[in-house]
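2 protein chains.
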Amino acid sequence: MRALGERARAAARVLARAETAAKDAALLAMSAAIERNRAMLLAENRKDLEAGARQGLDAAMLDRLELNDARLASMAEGLRQIAALPDPVGEISDLKYRPSGIQVGRMRVPLGVIGIIYESRPNVTADAAGLCLKSGNACILRGGSEAIHSNRAVAECIQEGLKQAGLPADAVLVVETTDRAAVGELVRMKGHVDVIVPRGGKGLIERISGEATVPVIKHLHGVCHVYIDERADLEKAARVAFNAKCQRYGTCNTMETLLVHHAVAEQILPMLGRMYREQGVELRVCERTRAILGDAKPATEEDWYTEYLAPILSIRIVDDLDQAIDHIAQYGSQHTDSIVTEDITRARRFLREVDSSSVMVNASTRFADGFEYGLGAEIGISTDKIHARGPVGLEGLTSQKFVVLGDGHVRS
Amino acid sequence: MRALGERARAAARVLARAETAAKDAALLAMSAAIERNRAMLLAENRKDLEAGARQGLDAAMLDRLELNDARLASMAEGLRQIAALPDPVGEISDLKYRPSGIQVGRMRVPLGVIGIIYESRPNVTADAAGLCLKSGNACILRGGSEAIHSNRAVAECIQEGLKQAGLPADAVLVVETTDRAAVGELVRMKGHVDVIVPRGGKGLIERISGEATVPVIKHLHGVCHVYIDERADLEKAARVAFNAKCQRYGTCNTMETLLVHHAVAEQILPMLGRMYREQGVELRVCERTRAILGDAKPATEEDWYTEYLAPILSIRIVDDLDQAIDHIAQYGSQHTDSIVTEDITRARRFLREVDSSSVMVNASTRFADGFEYGLGAEIGISTDKIHARGPVGLEGLTSQKFVVLGDGHVRS
Numbered sequence: 005m006r007a008l009g010e011r012a013r014a015a016a017r018v019l020a021r022a023e024t025a026a027k028d029a030a031l032l033a034m035s036a037a038i039e040r041n042r043a044m045l046l047a048e049n050r051k052d053l054e055a056g057a058r059q060g061l062d063a064a065m066l067d068r069l070e071l072n073d074a075r076l077a078s079m080a081e082g083l084r085q086i087a088a089l090p091d092p093v094g095e096i097s098d099l100k101y102r103p104s105g106i107q108v109g110r111m112r113v114p115l116g117v118i119g120i121i122y123e124s125r126p127n128v129t130a131d132a133a134g135l136c137l138k139s140g141n142a143c144i145l146r147g148g149s150e151a152i153h154s155n156r157a158v159a160e161c162i163q164e165g166l167k168q169a170g171l172p173a174d175a176v177l178v179v180e181t182t183d184r185a186a187v188g189e190l191v192r193m194k195g196h197v198d199v200i201v202p203r204g205g206k207g208l209i210e211r212i213s214g215e216a217t218v219p220v221i222k223h224l225h226g227v228c229h230v231y232i233d234e235r236a237d238l239e240k241a242a243r244v245a246f247n248a249k250c251q252r253y254g255t256c257n258t259m260e261t262l263l264v265h266h267a268v269a270e271q272i273l274p275m276l277g278r279m280y281r282e283q284g285v286e287l288r289v290c291e292r293t294r295a296i297l298g299d300a301k302p303a304t305e306e307d308w309y310t311e312y313l314a315p316i317l318s319i320r321i322v323d324d325l326d327q328a329i330d331h332i333a334q335y336g337s338q339h340t341d342s343i344v345t346e347d348i349t350r351a352r353r354f355l356r357e358v359d360s361s362s363v364m365v366n367a368s369t370r371f372a373d374g375f376e377y378g379l380g381a382e383i384g385i386s387t388d389k390i391h392a393r394g395p396v397g398l399e400g401l402t403s404q405k406f407v408v409l410g411d412g413h414v415r416s
Numbered sequence: 005m006r007a008l009g010e011r012a013r014a015a016a017r018v019l020a021r022a023e024t025a026a027k028d029a030a031l032l033a034m035s036a037a038i039e040r041n042r043a044m045l046l047a048e049n050r051k052d053l054e055a056g057a058r059q060g061l062d063a064a065m066l067d068r069l070e071l072n073d074a075r076l077a078s079m080a081e082g083l084r085q086i087a088a089l090p091d092p093v094g095e096i097s098d099l100k101y102r103p104s105g106i107q108v109g110r111m112r113v114p115l116g117v118i119g120i121i122y123e124s125r126p127n128v129t130a131d132a133a134g135l136c137l138k139s140g141n142a143c144i145l146r147g148g149s150e151a152i153h154s155n156r157a158v159a160e161c162i163q164e165g166l167k168q169a170g171l172p173a174d175a176v177l178v179v180e181t182t183d184r185a186a187v188g189e190l191v192r193m194k195g196h197v198d199v200i201v202p203r204g205g206k207g208l209i210e211r212i213s214g215e216a217t218v219p220v221i222k223h224l225h226g227v228c229h230v231y232i233d234e235r236a237d238l239e240k241a242a243r244v245a246f247n248a249k250c251q252r253y254g255t256c257n258t259m260e261t262l263l264v265h266h267a268v269a270e271q272i273l274p275m276l277g278r279m280y281r282e283q284g285v286e287l288r289v290c291e292r293t294r295a296i297l298g299d300a301k302p303a304t305e306e307d308w309y310t311e312y313l314a315p316i317l318s319i320r321i322v323d324d325l326d327q328a329i330d331h332i333a334q335y336g337s338q339h340t341d342s343i344v345t346e347d348i349t350r351a352r353r354f355l356r357e358v359d360s361s362s363v364m365v366n367a368s369t370r371f372a373d374g375f376e377y378g379l380g381a382e383i384g385i386s387t388d389k390i391h392a393r394g395p396v397g398l399e400g401l402t403s404q405k406f407v408v409l410g411d412g413h414v415r416s
């Protein structure tokens, strides 16, 4: 692993100064290679699928592992989209003259070497390599052992693209070993790796952030809230609260707990309760909510902390905005929370006081996403406090150094 | 320590939404309290100085520990300056409409709880508390045991200021125990502490970043370079190279190694050599430099890695810009490096390719400083890659969350 780290570091220096045109040419060549090698990719993927079926992987896992024509097309399209994004590297901002006569500004620069650790989905190999490359970073990719053939095959297409564009092959390194100890080593290689991005289930992410000494960009889970305020437009409230839960169940920005101001609870909950039940969403509710939706299951303390990732929703009636904010501070995961209100003062308070990576007014939590935010693509979502919060796109894979321009200036 | 962490976390929530006027009032009241309590502060400091003398602290250490009228005045003035800085918290930037109809922007928010670990200088207590407060963060301050009376006395003035402004006393917590284990606990209290800023010698910082599981904003050392290019204006080169070494020896942004393009070495080195020697600077040089400055001491491999913090300078002649950049990549500490050249292409390459927190053209490395950069004040300098690089001011103690504004928008 250390040898791999040194190769990545050397490649990172070349990539940091690579021209935008070369990086884009590589991305387009990778995309073309994936389209050209469709048969090979599907054949290699089949080996993983067969091995997975023999090992008894469950249906959801096999589904995540599978490549097909549509998924390959979207992998290739993803790389073309990254090529079309503006290059963040080298951007100079805030260049200003200081009283001493020097000009001081900031230049956006790559982080260096990024370690990506992920499970099953082979498309991450192409996505992550593309984002790291465009942001001028070398990357070390460590996919799940169950996807090893697929990942190797995708890596071949990536290597072809790098070669065609004259960029170093070591810019994208795929860890070939399926040895688990390799991960433990990767996340502790300070000096060789600048940041680790784990992508996968909560178990993987907890394990990695527990072991890592290299900084980690991650989110553990998404316990997202919608709070329907006393001053909400109830039509908008129903629309947002329904979409936030039902548009997709398994995503981290799906609402898991609905908070409702007591003054509007009797008006809106019966209608919302019906809508959820028609969708087959199980409700787990506080006592006051039970008084309105008689037959719903009582929520336990544990429920308020839970990311269901399933058609289950907990509902709590609160006394006021303060109690809603307190609930989110106590039980939330600092991912995404939304208020529905027409009251600008309450909206402003919610935006300022809720300490989550995305805070929203009158919008579905499902919007918390790199594409929806206009970042182009995301390598992940961060619920950490330092560096990047929320969806992490190309900019989150860079930082800013200071540039100083003088004309022989010295300090007195 | 955990109880302390919980108190700090609760205070952080209040501070995050505190109005600018309240924070500024607290800073001014702290400043006034320091001026009013001068006699008490000097008396408490005297206890530390006497204990230090008894324990045999060296003269430099005792000097750092000492408070006097001038130092107290500058502590008070520092707090007034922080009050005068613009409040970074709540600033919304890049608020743009997306095709879906939602508006997406970023809001600057405090990090939460900051742990500051520092040695001897009691002025850090006031500086750090002021910067954390203005940026909306609670802080836990752990000073050196040798300064415990001084730090407690300064903390009293800080508490007085917080009280007068109606802010929670727990916004600034001073660790009263001198037990070393407390530091080990503080730097591992993920969940209670959001970032650690160590301030002090290399030993302290190495120990802390080795133990910490909480993210650390730090720089280990400053091996800063000036590279005099073939196309340099030699008059500027001499001025910059002299200032970068001799304006102050003990600071992290002082030049430790001078790199000179071979084509101008014979012209400039004899003059520079004279200037340094007149200042009593010891030179340690490469073989080619020795051929020009015959009597200088040969540099060892170790010298190129060394931060002297003293009137010692290593000098190396290089073949070209590439060799200069390679030298800096290998031996430097990613702190501050400067090129002297009139050639814009070489200047642009140096700015882009040298991966240091500050890169400069025709300016003394001594400018790498929060005040000189217009940040107002700095809590430290970071040579890390993620979050903040270079001098860290108020903005470095914040991050940005996403804000989304809609009108009942849902995702389709």
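So the sequences go chain by chain: L and E.
Under the working numbering, the first residue of the first sequence carries the number 5, and numbering increases by one thereafter.
Under the working numbering, the first residue of the second sequence carries the number 5, and numbering increases by one thereafter.
Using N, Cα and C, we set each Cβ at its ideal position, and we do this for glycine too.
Best match in the options for proximity to residue i [C-alpha to C-alpha]
i	options	result
A14 of chain L	L:D91, L:C161, L:C143	L:C143
L273 of chain E	E:E306, E:G254, E:L238	E:L238
W308 of chain L	L:C228, L:L89, L:V117, L:G9	L:C228
D183 of chain L	L:G204, L:G148, L:K100, L:V128	L:G148
L53 of chain L	L:D67, L:M44, L:A43	L:D67
G394 of chain E	E:A157, E:S403, E:E382	E:E382
G94 of chain L	L:S403, L:S416, L:R156	L:S403
D73 of chain E	E:S416, E:I121, E:L46	E:L46
R156 of chain E	E:E305, E:A186, E:E180, E:A16	E:E180
G397 of chain L	L:R415, L:Y377, L:S416	L:Y377
Contact set for residue i: own chain, Cβ-Cβ below 8 angstroms, skip 5 residues either direction
i	result
V176 of chain E	A133, C136, L137, A142, C143, L145, A159, I162, Q163, L166
A303 of chain E	R288, V289, C290, S318, I319, R320
A367 of chain L	V244, S342
G1 of chain L	Any answer about residue 1 of chain L is impossible in this case: the structure gives chain L only from 5 up to 416.
Expected contact under 8 angstroms - CB spacing of residue i and residue j to nearest Å
i	j	result
L297 of chain L	G277 of chain L	5 angstroms
L49 of chain L	L71 of chain L	According to the sequence provided, residue 49 of chain L is Asn. The question's Leu does not apply to it. With 8 angstroms as the limit, N49 of chain L and L71 of chain L qualify as a contact, their Cβ atoms being about 4 angstroms apart.
I209 of chain E	L190 of chain E	Not really, about 15 angstroms apart at Cβ, beyond 8 angstroms.
I212 of chain E	I200 of chain E	7 angstroms
I329 of chain L	E357 of chain L	5 angstroms
I385 of chain E	S361 of chain E	7 angstroms
H331 of chain E	L263 of chain E	6 angstroms
V187 of chain E	I121 of chain E	6 angstroms
G226 of chain L	E123 of chain L	Their Cβ separation, rounded to whole angstroms, is 17 angstroms, which puts G226 of chain L and E123 of chain L out of contact at 8 angstroms.
Cut-off 6 angstroms between Cβ atoms - residues of its own chain near residue i, not counting five sequence neighbours on either side
i	result
F375 of chain L	none
T369 of chain E	C228, A248, N257, M259, T340, S342
R11 of chain E	D174
Y231 of chain E	L263, A328, I343
M279 of chain E	F246
A372 of chain L	N257, T340, S362
Same chain only: Cβ atoms within 7 angstroms of residue i, ignoring 5 sequence neighbours per side
i	result
A33 of chain E	E164, G165, Q168, A169
D98 of chain E	G109, R110
M275 of chain L	A242
L115 of chain E	N141, D198, V199, L401, T402, S403
N127 of chain E	R75, M79
R353 of chain L	L325
K240 of chain E	V344, N366
- Item | Minimum length 3: unbroken beta strand (DSSP E) runs contained in the region 90-162 of chain L | The region 90-162 of chain L contains these whole beta strand (DSSP E) runs: 96-101, 107-114, 117-122, 142-146.
- Continuous beta strand (DSSP E) assignments of at least 3 residues falling wholly in the region 268-325 of chain E: Listed in chain order, they are 286-289, 316-322.
- Cβ pair count under 8 angstroms reaching 3, the region 99-114 of chain E against the region 394-412 of chain E: The region 99-114 of chain E vs the region 394-412 of chain E: in contact.
- If we count Cβ pairs, one from each stretch, closer than 8 angstroms, do we get three or more for the region 192-200 of chain L versus the region 332-339 of chain L? Taking 8 angstroms as the limit for Cβ pairs, the verdict is that the region 332-339 of chain L does not touch the region 192-200 of chain L.
- Message: Is it the case that the region 70-86 of chain L contacts the region 24-39 of chain L, given that we only count it when at least three CB pairs across the two stretches are under 8 angstroms?
- Response: These segments touch.
- For the region 383-400 of chain E and the region 344-356 of chain L, state whether three or more C-beta atom pairs, one from each stretch, are separated by less than 8 angstroms. These segments do not touch.
- Task: Note down, one range per segment and in chain order, each beta strand (DSSP E) of at least 3 residues found wholly within the region 337-400 of chain L.
- Result: Runs found: 340-344, 362-367, 384-386, 394-396.
- Residue ranges of each beta strand (DSSP E) run of no fewer than 3 residues wholly in the region 182-225 of chain L, ordered along the chain? Counting only runs of 3 or more residues that sit fully inside the region 182-225 of chain L, the beta strand (DSSP E) segments are 199-203, in chain order.
- In the region 15-103 of chain L, which residue ranges form an unbroken alpha helix (DSSP H) of at least 4 residues, counting only runs that do not cross its ends? Those alpha helix (DSSP H) runs which fall completely within the region 15-103 of chain L and span 4+ residues are 24-40, 42-58, 63-69, 73-88.
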